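If you read the sequence shown in numbering that gives the first Met the number 0, its first letter stands for residue 0, the second for the next number, and so on.
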Amino acid sequence: MLSCKDVTQLISESMDTSLPIGKRIGVWLHLLMCKFCARYERQLLLIRETVRGLVGAEETAGGTLGEPLSEEAKVRIRKALGNP
């Protein structure tokens with residue numbers, strides 16, 4: 000059985016990539032029993048949808064979200080994240 004720490008990490012990862020089926024089933028089973036982890040997942044989903052809504056509203060209003068990153072900045076970020 001997965002611990003709450005494991006599940007919250009996997010929930011966070013699942014926001015960016017699809018988890019393998021075994022891990023998805025493990026998370027799903029844990030969420031059936033743990034109201035705290037289920038709440039954590041709902042909160043992350045709410046945050047994601049809220050940010051998407053803000054970005055969409057900003058784009059339709061013709062605004063910008065700031066200056067685009069330079070290639071140098073993108074390379075530094077990728078290196079810091081371990082993605083060369």
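All residues carry an ideal CB built from backbone N, CA and C; glycine is no exception.
Note that the structure is a prediction, hence the values are computed from the model and not measured.
A Cβ-Cβ separation of about 18 Å leaves Tyr39 out of contact with Thr16 under the 8 Å criterion. By the 16-neighbour rule on beta-carbons within 10 angstroms, Val54 is exposed. Ranked by how close their Cα comes to the Cα of His29, the residues Lys78, Glu70, Lys4 have Lys4 in first place.
For Cys36, the secondary structure class from DSSP, reduced to helix, strand or coil, is helix.
In chain order, Ile10, Ser11, Met14 place their CB closer than 8 Å to the CB of Leu43, counting only its own chain and leaving out the 5 sequence neighbours on each side.
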